[in-house]
Amino acid sequence: MEFPQPVTAKWIAELIEADIIGDSAREATGINELHKVKSGDIVFVDHPKYYDNCLKSAATFVIINDNTVTKPEDKVLLYCDKPFDAYLKIVQHFRPFTAASSMIDPSAVIGKDTIISPGVFIGKDVVIGEGCIIYPNTTISDYTRIGNHVIIQSGTVIGSDAFYYNTRKTEPVWYRKMQSCGAVIIEDYVEIGANCTIDRGVTDATRIGQGTKMDNLVHVGHDTEIGKNCLFAAQVGIAGATKIEDGVTLWGQVGVSKTLTIGENATVLAQSGVPSSLKGGKTYFGYPAEEAGYKRRELVWVKRIPELWKKVFQED
Amino acid sequence: MEFPQPVTAKWIAELIEADIIGDSAREATGINELHKVKSGDIVFVDHPKYYDNCLKSAATFVIINDNTVTKPEDKVLLYCDKPFDAYLKIVQHFRPFTAASSMIDPSAVIGKDTIISPGVFIGKDVVIGEGCIIYPNTTISDYTRIGNHVIIQSGTVIGSDAFYYNTRKTEPVWYRKMQSCGAVIIEDYVEIGANCTIDRGVTDATRIGQGTKMDNLVHVGHDTEIGKNCLFAAQVGIAGATKIEDGVTLWGQVGVSKTLTIGENATVLAQSGVPSSLKGGKTYFGYPAEEAGYKRRELVWVKRIPELWKKVFQED
Amino acid sequence: MEFPQPVTAKWIAELIEADIIGDSAREATGINELHKVKSGDIVFVDHPKYYDNCLKSAATFVIINDNTVTKPEDKVLLYCDKPFDAYLKIVQHFRPFTAASSMIDPSAVIGKDTIISPGVFIGKDVVIGEGCIIYPNTTISDYTRIGNHVIIQSGTVIGSDAFYYNTRKTEPVWYRKMQSCGAVIIEDYVEIGANCTIDRGVTDATRIGQGTKMDNLVHVGHDTEIGKNCLFAAQVGIAGATKIEDGVTLWGQVGVSKTLTIGENATVLAQSGVPSSLKGGKTYFGYPAEEAGYKRRELVWVKRIPELWKKVFQED
Numbered sequence: 001m002e003f004p005q006p007v008t009a010k011w012i013a014e015l016i017e018a019d020i021i022g023d024s025a026r027e028a029t030g031i032n033e034l035h036k037v038k039s040g041d042i043v044f045v046d047h048p049k050y051y052d053n054c055l056k057s058a059a060t061f062v063i064i065n066d067n068t069v070t071k072p073e074d075k076v077l078l079y080c081d082k083p084f085d086a087y088l089k090i091v092q093h094f095r096p097f098t099a100a101s102s103m104i105d106p107s108a109v110i111g112k113d114t115i116i117s118p119g120v121f122i123g124k125d126v127v128i129g130e131g132c133i134i135y136p137n138t139t140i141s142d143y144t145r146i147g148n149h150v151i152i153q154s155g156t157v158i159g160s161d162a163f164y165y166n167t168r169k170t171e172p173v174w175y176r177k178m179q180s181c182g183a184v185i186i187e188d189y190v191e192i193g194a195n196c197t198i199d200r201g202v203t204d205a206t207r208i209g210q211g212t213k214m215d216n217l218v219h220v221g222h223d224t225e226i227g228k229n230c231l232f233a234a235q236v237g238i239a240g241a242t243k244i245e246d247g248v249t250l251w252g253q254v255g256v257s258k259t260l261t262i263g264e265n266a267t268v269l270a271q272s273g274v275p276s277s278l279k280g281g282k283t284y285f286g287y288p289a290e291e292a293g294y295k296r297r298e299l300v301w302v303k304r305i306p307e308l309w310k311k312v313f314q315e316d
Numbered sequence: 001m002e003f004p005q006p007v008t009a010k011w012i013a014e015l016i017e018a019d020i021i022g023d024s025a026r027e028a029t030g031i032n033e034l035h036k037v038k039s040g041d042i043v044f045v046d047h048p049k050y051y052d053n054c055l056k057s058a059a060t061f062v063i064i065n066d067n068t069v070t071k072p073e074d075k076v077l078l079y080c081d082k083p084f085d086a087y088l089k090i091v092q093h094f095r096p097f098t099a100a101s102s103m104i105d106p107s108a109v110i111g112k113d114t115i116i117s118p119g120v121f122i123g124k125d126v127v128i129g130e131g132c133i134i135y136p137n138t139t140i141s142d143y144t145r146i147g148n149h150v151i152i153q154s155g156t157v158i159g160s161d162a163f164y165y166n167t168r169k170t171e172p173v174w175y176r177k178m179q180s181c182g183a184v185i186i187e188d189y190v191e192i193g194a195n196c197t198i199d200r201g202v203t204d205a206t207r208i209g210q211g212t213k214m215d216n217l218v219h220v221g222h223d224t225e226i227g228k229n230c231l232f233a234a235q236v237g238i239a240g241a242t243k244i245e246d247g248v249t250l251w252g253q254v255g256v257s258k259t260l261t262i263g264e265n266a267t268v269l270a271q272s273g274v275p276s277s278l279k280g281g282k283t284y285f286g287y288p289a290e291e292a293g294y295k296r297r298e299l300v301w302v303k304r305i306p307e308l309w310k311k312v313f314q315e316d
Numbered sequence: 001m002e003f004p005q006p007v008t009a010k011w012i013a014e015l016i017e018a019d020i021i022g023d024s025a026r027e028a029t030g031i032n033e034l035h036k037v038k039s040g041d042i043v044f045v046d047h048p049k050y051y052d053n054c055l056k057s058a059a060t061f062v063i064i065n066d067n068t069v070t071k072p073e074d075k076v077l078l079y080c081d082k083p084f085d086a087y088l089k090i091v092q093h094f095r096p097f098t099a100a101s102s103m104i105d106p107s108a109v110i111g112k113d114t115i116i117s118p119g120v121f122i123g124k125d126v127v128i129g130e131g132c133i134i135y136p137n138t139t140i141s142d143y144t145r146i147g148n149h150v151i152i153q154s155g156t157v158i159g160s161d162a163f164y165y166n167t168r169k170t171e172p173v174w175y176r177k178m179q180s181c182g183a184v185i186i187e188d189y190v191e192i193g194a195n196c197t198i199d200r201g202v203t204d205a206t207r208i209g210q211g212t213k214m215d216n217l218v219h220v221g222h223d224t225e226i227g228k229n230c231l232f233a234a235q236v237g238i239a240g241a242t243k244i245e246d247g248v249t250l251w252g253q254v255g256v257s258k259t260l261t262i263g264e265n266a267t268v269l270a271q272s273g274v275p276s277s278l279k280g281g282k283t284y285f286g287y288p289a290e291e292a293g294y295k296r297r298e299l300v301w302v303k304r305i306p307e308l309w310k311k312v313f314q315e316d
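Protein chains in written order, with full-length UniProt numbering: chain A, 1 to 316; chain B, 1 to 316; chain C, 1 to 316.
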C-alpha cells in the first residue's frame, strides 16, 4: 500500500510508539509485506527467523522487536515490542475499515456503457471502466480497479481478505488476521465466471491480466499475478503470491500452490496439483504435476506391475 | 435458440450482410452451435478445420467465410467474411442483452405457493412452477425454466454464461466470448445446494432432470444434460455438453470432462476424474476413473513395488 | 432439536397419528436423527436394516413402522405406517418453514460493534455476538448462533440445508428431503472466507470451534464438528457428521468423507482425500490419505517401475 503522501520516520514512530534507530527525518512512502516490499516502504518483522530477510530486503524501514540487531547502513529501524500490532495500527490509520452504508458507495467511479446489475455491492474507492457488465449479486470490495469491457458473472466476490495470519500457538487463539490493505486490479477484456473469489493483496495488489477468462467457482489468492490471455476452467484454485504468466491454461479443478511461477503458455490438465514452479510452453498433468507425456506413461507402467510380479515370483 | 417466428434466408443475409448461395426464400427457425444443431437451424463456421462437420450437420443454413466450398444440395450457405460476428449479430437481434432494472423482472411468472426469498434476482422471461423455495441471494438468469417443488439454496447462480470462446491467438485478446443465448431448464422436485453454478446453454438448454439433488458448490457447464434422480455431492464439477443419464451418483469433488456420457445408475467415487464416457450400472474411482474394484487392486499393487524391488535386485 | 417445552407421548401420537406402545405420559424433550440422539429424544426408523440401531440408541421414543418388534424396557414406541412423514410433521410443527419478508428478520439479536454489511440476509432466531464483521451479500439462515469477533466474508452461506435424503428407488422421485431443523454454531474469533457454505445440522448443530479460520469456497457438511484453531485452505470440502479435532490444518482442495474423525493437530496436504479416520499429530497426503513420508516414498517407487521392468525382462 502506498501512503497518500510520504510520512517521516518520526511520525510513524509516534503512531506506533516505537524507538527510532537511524534517521528520524527519512520519509516512508508505503507499507508492504516481505513479498512485495520496495524502497521507501515500511516492513515489519516479529520473529528472529525472518529478521535477516527483512533487514536485507528492499524496504527502507523495518519495524522490529529486537533493538540489538545491527542496523543496515541504508535503513531505519523502528523498535517496538509488538511489530504485528504496529503494522495493524498503520494499516488502520491509512485504510480504516468502515461500515458500508449503501450497496454502491458514492465514491465509486463507473465508466460509460457499464452495466451494474441489481444486488451488486460496490465498496469505497472503486473504479470500473467502460463497457463492463457486472452481473447480479456480485461483491466488488474497497479499492478494486476494473478496466474496460470486463464481464463479471453473478455471485462473484472481488477483493475478499487475504487468508494470511500471524501464528502464535502459545495463545488461546492461534491465528491473528494480517489485516489486508491491498487491492485487486483487473485489466481490460477480462471475464470472471459465477461465484468466483479473488482475494485482495495483503498490502499490494492481486492482478489479472488483459483478456484472461475464468470459469465459475475459481479461487485466486492474495497478491497473485495472472498474465494476459490465460484460461482457467471451473473450480481452479490458486494460492497466494503466485505468478501465472501470459497464455497459461489451467483445466478444471487444478490446484496451484503459493509463491511459485507457471511459465508462459503452459497448460495444466484437469485435477492436477502444482506444488512448485513449472516451465512455460509445456503440458502438465497429475500430482505433483509433471510433463503429461511422462505422466501418462507412468500410468501405463503402474498397470504392468502385476505382469512384473508374475514374472518375478513365478521364477521361484 | 428458436426464433419467435421463422425468418427467410434473405432476411438473415441482410441482417449479417452475407451473400446467399442457395434458396433465399427458405425459412430458418433458429440458430444453434454445432453440438445442438437441427434441421431448420442456422450454424456458423469460420475455420476450415470445422467446415466439413458443419456442412454435413443437420443445420439447414451455414454461415461460412469461404464461398468456394461445394454447397450441399439440401442446404443454404450464407457467405461473409466474419461468421463469428454474424452469429453475434443474430443473437443480439433476437436475445439482446438488456440491463435489469429490478431484482425481479416484471415478466417473471411465479407459480402458486412458491417462495421467493429476499435478495433473489430473477431475470427476464423466467418461469418458476408451484411449491418451490428459492432461498436468499440466489440469481436466476434470463430465460430460465423451473418446474414444480424445486428447492434452490442460497447464493446459487442459475444461468451464468457458457465458458465458450472463439480463439484467435494472433489478436491481442485471444478469446472472444461466444455470446450465450440458451437457457437452463430445471424439472420437478430438483434440489440444488448453496453457491452452485449452473451455466446456461450456448444456444440450446442445460437440463436437470426430475428429482435430481445437488449439494453445495456444484458446477454444471453449458448444454449439459442431467437425467432424473441423480445425486451430486458437494464441489462436483461437470464441464459443458456432457450427458449424465438417470440415477447417476457422483460423490464429492468429482470432475467430469466435456461432451461425454455417464451411463444410467453409474456411481463415481469421491475426487475421481472422468475424462471419457463411462458405462452405466458400475462404480468407478480414480483418475482416469476406472472400475472401482480394479482401481483398488491397483493401489495395492503399487504398495508391492518395494517387495518386487527387493526380490529382483537381491538376486544380483 | 430441543422442543421449547417437553411434550407427552400421547400428544406426539395424536400429532402423527401413531399407536403408543409403552407409557403414554412419558415426556419427550426433542427429536434427533440417529447420529445425534440422546435420552429424552424421539428418533424415527422406517427400514428393518436400521431397527436395531434405533432400538438400542439413547433415544427414549422410537417412531417405527413395525408393531411386532420387541419394545426395549426403557423406551416408548410410536407405531405408524410412515415414520418419515411423522418426522416431517413433528419438525414442521416445531420449526415451520416460513417465508422471510425482509433481509434482516426483526428477531435477530446483534451484538455491540458488529457490522452487518449491505445485502446480508439474516433469518429468524439468529444471534450474532459483539465485534463481528459480516461482509456483503452473505446469508445467515434461521437459528444460527455466532459468537464474538467473528468475520464472515462476502457471499458465504451459513445454514444451508443438510444434503440428507430418504431413499426409495421404487418411487418416481427417489430421494425425499430429510427436512433440516438443526442449526450452525460458530464460536468466537472464527473467520470464514468468501462464498463458503456451512450446512446446518439435520436435527442438531454444525459447530465451528473458537479461532478456526477458513479460506474461500470451503464446504462444511451438516452436523460436522470442527475444533478450535483449525486452518482450512480454499476449496476444502468436509462431508456430514464428521469430527475435526482442535488444531487441524487442511490444505487446499482437500476432501474429507462423512462420519469420521481427524485427530488433534493433524495436517492434511493439498488435494488429499480422507475416506476414513486419521490419528492426530501427523501429516497426511494422497488418496486415500496416508502418512506423507510414506506416500512420498511411494511416488518414488512408482518411478522405479521401468528400471525393474528392464532388469526383469532383459534377463529372459
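We treat Cβ as the ideally placed atom computed from N, Cα and C, and that holds for glycine.
Task: Nearest to Ala233/A (by Cα), restricted to the options Ser272/A, Leu299/A and Ile63/A - done: Ranked by Cα distance from Ala233/A, the options Ser272/A, Leu299/A and Ile63/A are led by Ser272/A.
- [ ] Quick one: measure Cβ to Cβ for Leu278/A and Ala289/A, integer angstroms, because I've assumed they're closer than 8 angstroms.
- [x] About 6 angstroms separates the two Cβ atoms, so the contact holds.
- [ ] Taking only beta-carbon positions, decide if Asp85/C is within less than 8 angstroms of chain B.
- [x] At least 8 angstroms separates the CB of Asp85/C from every CB of chain B.
Task: Same chain only: Cβ atoms within 6 angstroms of Thr197/B, ignoring 5 sequence neighbours per side - done: Counting only Cβ-Cβ distances below 6 angstroms, and skipping sequence neighbours, we find Val157, Ser160 and His219.
TODO: Take the Cβ of Ser180/B as the centre, count every other Cβ of all protein chains shown within 10 Å, and call the residue buried at 16 or more, exposed below.
DONE: With 16 or more other Cβ atoms within 10 Å, it is buried.
Open item on the list: Which residues in chain A have a C-beta closer than 9 angstroms to the C-beta of Ile305/C? List them in chain order.
Closed with: Within chain A, Glu298, Trp301, Val302, Arg304, Ile305 and Leu308 have C-beta atoms less than 9 angstroms from the C-beta of Ile305/C, given in sequence order.
TODO: Return no unless some Cβ of chain C is closer than 8 angstroms to the Cβ of Asp161/A.
DONE: At least one chain C Cβ lies under 8 angstroms of Asp161/A.
TODO: Note down, in chain order, each residue of its chain lying with its Cβ closer than 7 angstroms to the Cβ of Tyr135/C, except the 5 sequence neighbours on either side.
DONE: Taken in chain order, the residues that qualify are Ser117, Ile152, Gln153 and Ser154.
Open item on the list: Quick check: what's the CA-CA separation for Glu225/C versus Pro96/C?
Closed with: Whole-angstrom Cα-Cα distance: 25 angstroms.
TODO: Note down the Cα distance separating Thr206/B from Leu77/C, rounded to an integer number of angstroms.
DONE: If you take the alpha carbons of Thr206/B and Leu77/C, they lie about 47 angstroms apart.
Task: Three or more C-beta pairs below 8 angstroms linking the stretch 170-177 of chain C and the stretch 118-130 of chain A - done: With fewer than three CB-CB distances shorter than 8 angstroms, the stretch 170-177 of chain C does not count as touching the stretch 118-130 of chain A.
Task: Collapsed DSSP secondary structure at Tyr175/B in the structure displayed - done: In this structure, Tyr175/B counts as strand in the three-state DSSP scheme.
Task: Buried versus exposed, by CB contacts within 10 Å (16 or more), Thr167/C - done: Burial is judged here by how many other beta carbons sit within 10 angstroms of a residue's own beta carbon; Thr167/C has fewer than 16 and is exposed.
- [ ] For Ala9/B, name the three-state secondary structure that DSSP assigns.
- [x] If DSSP states are grouped into helix, strand and coil, Ala9/B belongs with the helices.
Open item on the list: For the ligand GTP, is there any heavy atom lying closer than 7 angstroms to the beta carbon of Gly131/B?
Closed with: The ligand GTP is not part of the structure shown, which contains no ligands of any sort.
- [ ] Give a yes or no on whether 8 angstroms exceeds the smallest Cβ distance from Ala100/C to chain A.
- [x] For Ala100/C, the answer is no, since every Cβ of chain A falls outside 8 angstroms of its Cβ.
Open item on the list: Short of 7 angstroms Cβ to Cβ, which residues in the stretch 270-284 of chain B face chain C?
Closed with: Correct list: Ala270 and Gln271.
Task: Integer Cβ distance of Lys10/C from Ala28/C, believed to fall under 8 angstroms - done: About 11 angstroms separates the two Cβ atoms, so there is no contact after all.
Open item on the list: Between the alpha carbons of Thr8/A and Asp46/A, how many angstroms are there, rounded?
Closed with: About 22 angstroms.
Task: Cβ neighbours of Gly293/C in the same chain (closer than 7 angstroms, five flanking residues each side left out) - done: There are no such residues.
TODO: Determine the DSSP secondary structure at Ala86/A, reduced to helix, strand or coil.
DONE: DSSP places Ala86/A in helix when its eight states are reduced to three.
TODO: Can you give me the start and stop residues for the alpha helix (DSSP H) that Glu298/B sits inside?
DONE: Where Glu298/B is concerned, the enclosing alpha helix (DSSP H) stretches over Ala292 to Lys303.
- [ ] Would you decide whether Thr138/A is buried or exposed? Buried here means 16 or more other CB atoms lie within 10 Å of its CB.
- [x] Of the residues assessed, Thr138/A falls on the buried side of the cut-off, its CB having 16 or more other CB atoms within 10 angstroms.
TODO: Have a look at Lys49/C and Gly221/A and give me their C-alpha separation to the nearest angstrom.
DONE: When rounded, the distance between both Cα atoms is 47 angstroms.
- [ ] Kindly list the residues whose CB is nearer than 7 angstroms to the CB of Val69/C, restricted to its own chain and excluding five residues on each side of it in sequence; keep chain order.
- [x] Once the five neighbours on either side are set aside, the close Cβ partners of Val69/C are Tyr51 and Leu55.
Task: Contact check, Gly147/B vs Asp85/B, beta carbons under 8 angstroms - done: No. Outside cutoff.
Task: Beta-carbon neighbours of Pro118/A, restricted to chain B and to distances below 8 angstroms - done: Contact of Pro118/A with chain B by beta-carbon distance below 8 angstroms involves Ala100, Ser101, Ser102, Met103 and Phe121.
Open item on the list: Just to confirm my understanding: we take Ile104/B, look at its own chain, exclude 5 residues before and 5 after, and list those with CB closer than 8 angstroms. What are they?
Closed with: Here the set comprises Ile116, Val120, Phe121 and Ile122.
- [ ] Residues of the stretch 205-218 of chain A with a CB closer than 8 angstroms to any CB of chain C: list them in chain order, please.
- [x] Those residues of the stretch 205-218 of chain A that come within reach of chain C (Cβ to Cβ, closer than 8 angstroms) are Leu217.
- [ ] Rank Leu231/A, Gly201/A, Asn216/A and Leu217/A by C-alpha distance to the C-alpha of Gln210/A and give the top, closest one.
- [x] Per the Cα distances, Leu231/A.
Open item on the list: Against chain B, with Cβ distances strictly below 8 angstroms, would Val62/C count as a contact?
Closed with: No, Val62/C lies away from the interface with chain B (no Cβ there is under 8 angstroms from its Cβ).
Task: Neighbour list for Ile115/A in chain B, Cβ cutoff strictly below 7 angstroms - done: Near Ile115/A (Cβ distances below 7 angstroms), the residues of chain B are Ala99.
TODO: Report the residues of the stretch 214-243 of chain A with a CB closer than 8 angstroms to any CB of chain C, ordered along the chain.
DONE: Here the close residues are Leu217, His219, Gly221, Gln235, Gly237 and Ala239.
TODO: Note down, one range per segment and in chain order, each beta strand (DSSP E) of at least 3 residues found wholly within the stretch 59-146 of chain B.
DONE: For the stretch 59-146 of chain B, whole beta strand (DSSP E) runs of length 3 or above, ordered along the chain, are 61-64 and 76-79.
- [ ] Could you tell me whether any Cβ in chain B is nearer than 8 angstroms to the Cβ of Asn166/C?
- [x] No Cβ of chain B is located within less than 8 angstroms of the beta carbon of Asn166/C.
- [ ] Round the Cβ separation of Tyr79/C and Asp19/C to the nearest angstrom and send it over; I've been treating them as touching at under 8 angstroms.
- [x] Here Tyr79/C really is in contact with Asp19/C; their C-beta atoms are around 4 angstroms apart, less than 8 angstroms.
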